[in-house]
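Line by line, the protein sequences give chains A and B.
Be aware that the first sequence starts at 284, since it is given in the working numbering, and climbs by one per residue.
Be aware that the second sequence starts at 11, since it is given in the working numbering, and climbs by one per residue.
Yeah, the Cβ is synthetic: ideal placement off N, Cα and C, and Gly gets one too.
Here the structure comes first, spelled out in structure tokens, and everything after it is commentary.
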Amino acid sequence: MIPLEHFLVLSGILFSTGIYGVLSRRNAVLILMSVELMLAAVSINMTAFAVYISPDLFTGIIFAVFVIVVAAAEVALGLAIIVRVFRQRASANVDEVASLKW
Amino acid sequence: MSGTEVIFYIIGTMTALAGIGVVTLRSVVHAALSLVAAVLGVAAVFLLLSVEFLFLTQVLLYGGAVTILLLFALMLTRVRDVPALMVGAQWPLGLLAAGSFFAVFTVSVFDTEWRWARDNEELTSVAFEDIGDTLFRVWAVPFEIASLVLLVALVGAIVLGRQEAGDR
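Here you go:
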């Protein structure tokens, strides 16, 4: 049986690569892809906990389902906003969309 | 080391490499394909955890729908001249944040005494019926709210993405 810790470390690796991508990429679509990576890491984490530690009521599995639902909504909205910004500025680079920055 | 463990380590390495590819590859399309590989790897991890329902959902929703949506967005926002630098000037800070998160996370994972619900017995697969039963009895209200969230988000996406009369 695979130890629980190894699943957690895998999800930690995925989550930290996602953090790096979100903080350093310049293309907005690539940033959204890194966010997807982080959400997938969280799903692994909660599913592992659900299977190993609290199997009753499937709490972690249901949470992973909700994460997938919210991720779908987030991708749809985020991409609509990115396409909108691209139509106005002809660029998907987040550095050029800084009007709200102080 | 049993066969399952070997498969887990192979899949884990592939998933981690694909994840690193998502954040480092220069070509945006290659990064998107790498994301597909990472997402399918995560689906395989769900299968190893014997949660077939999540495996199917992950393959259908992430491997299919979400990546197609991302590729469409990449196509619609294509710029002629690819920037020389794919990462901003702040990338060392990003690396530092990611590295320190990973260090704290790993140390705390190995420092904790986990109380496993089951000791060293093989995992039994989670039945679809049980998940459905729990989802529609115990978690019925969050389920309805999630469907409402999806509806609102997708209507919002349509409204945002629509070409208006005033647009060029």
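Residue i to residue j span [Cα, whole Å]
i, j, result
"V368(A)", "G295(A)", "32 Å"
"V38(B)", "R125(B)", "43 Å"
"V169(B)", "L70(B)", "26 Å"
"S322(A)", "F298(A)", "Strictly speaking, residue 322(A) in this sequence is Leu, with Ser absent from that position. C-alpha separation (whole angstroms): 8 Å."
"T300(A)", "F112(B)", "9 Å"
"R370(A)", "A356(A)", "21 Å"
"A363(A)", "S12(B)", "46 Å"
"A324(A)", "V52(B)", "8 Å"
"A359(A)", "L79(B)", "8 Å"
"G171(B)", "L81(B)", "16 Å"
"W101(B)", "L306(A)", "7 Å"
"M284(A)", "A137(B)", "20 Å"
"D106(B)", "T116(B)", "Just to set this straight, residue 106(B) is Leu in the shown sequence, not Asp. Rounded to whole angstroms, L106(B) to T116(B) spans 15 Å at the Cα level."
"A28(B)", "F63(B)", "23 Å"
"A99(B)", "N376(A)", "13 Å"
"F56(B)", "E154(B)", "25 Å"
"G73(B)", "S110(B)", "30 Å"
"F318(A)", "I302(A)", "One detail in the question is off: residue 318(A) reads as Val in this sequence, not Phe. Taking the straight line joining both Cα atoms gives about 8 Å."
"V114(B)", "Q173(B)", "47 Å"
"F346(A)", "V380(A)", "33 Å"
"L35(B)", "A41(B)", "6 Å"
"R147(B)", "D378(A)", "47 Å"
"G22(B)", "I327(A)", "11 Å"
"G142(B)", "V350(A)", "17 Å"
Interface residues of chain A facing residue i [CB-CB closer than 9 Å]
i, result
"I111(B)", "In the sequence on display, residue 111(B) carries Phe and not Ile. Chain A residues near F111(B): G295, F298, S299 and I302."
"L80(B)", "V312, L315, M316, E319, V358 and L362"
"E123(B)", "Going along chain A, no residue has its Cβ under 9 Å from E123(B), so there is no contact; the nearest lies around 11 Å."
"G142(B)", "Ordered by position in chain A, no residue passes the 9 Å Cβ test against G142(B), which lies about 10 Å from the chain."
Interface partners of residue i on chain B, CB under 7 Å
i, result
"L383(A)", "Under the 7 Å cutoff, chain B gives no residues; its nearest Cβ is about 17 Å from L383(A)."
"V292(A)", "T116 and V119"
"E379(A)", "Near E379(A) there are no residues of chain B at all, since even the closest Cβ is about 11 Å away, more than 7 Å."
Residue i - partner residues in DSSP beta bridges
i, result
"V97(B)", "R308(A)"
"N376(A)", "N310(A)"
Proximal residues of chain A, C-beta to C-beta of residue i below 8 Å
i, result
"F18(B)", "I285 and H289"
"S60(B)", "V334"
"A107(B)", "I302, Y303 and L306"
"L164(B)", "A356 and A359"
"A26(B)", "L293, I296, L297 and T300"
Residues that residue i contacts on chain B, provided the C-beta gap is smaller than 9 Å
i, result
"R367(A)", "L170 and G171"
Listed by chain order, chain A residues near residue i by CB distance under 7 Å
i, result
"E73(B)", "Note on identity: in this sequence residue 73(B) is Gly, with Glu being the wrong assignment. Residues of chain A passing the Cβ test: none, with the nearest at roughly 11 Å."
"A167(B)", "A359, L360 and A363"
"E15(B)", "I285"
"L145(B)", "I345"
"L66(B)", "Those within 7 Å of L66(B) in chain A number zero; the least Cβ separation is about 11 Å."
"V69(B)", "Neighbours of V69(B) on chain A: none; closest Cβ ~11 Å, over 7 Å."
beta-carbon residue i near the ligand PLP non-hydrogen atom, thresh 6 Å
i, result
"A311(A)", "Questions concerning the ligand PLP fall outside what the structure shown contains, since it holds no ligand whatsoever."
Partners in chain B for residue i, counting only beta-carbon separations shorter than 8 Å
i, result
"V353(A)", "A156 and V159"
Contacts of residue i in chain C (Cβ-Cβ under 7 Å)
i, result
"L84(B)", "Included in the structure are the protein chains A and B, with no chain C among them."
*When Cβ atoms are compared, which residues of the region 340 to 351 of chain A fall closer than 8 Å to chain B?*
L340, F341, I344, I345, A347, V348, F349 and I351
*With 8 Å as the C-beta to C-beta threshold (strictly closer), list the residues of the region 34 to 60 of chain B near chain A in chain order.*
V38, A41, A42, L45, A48, V49, V52, V55, F56, L58, L59 and S60
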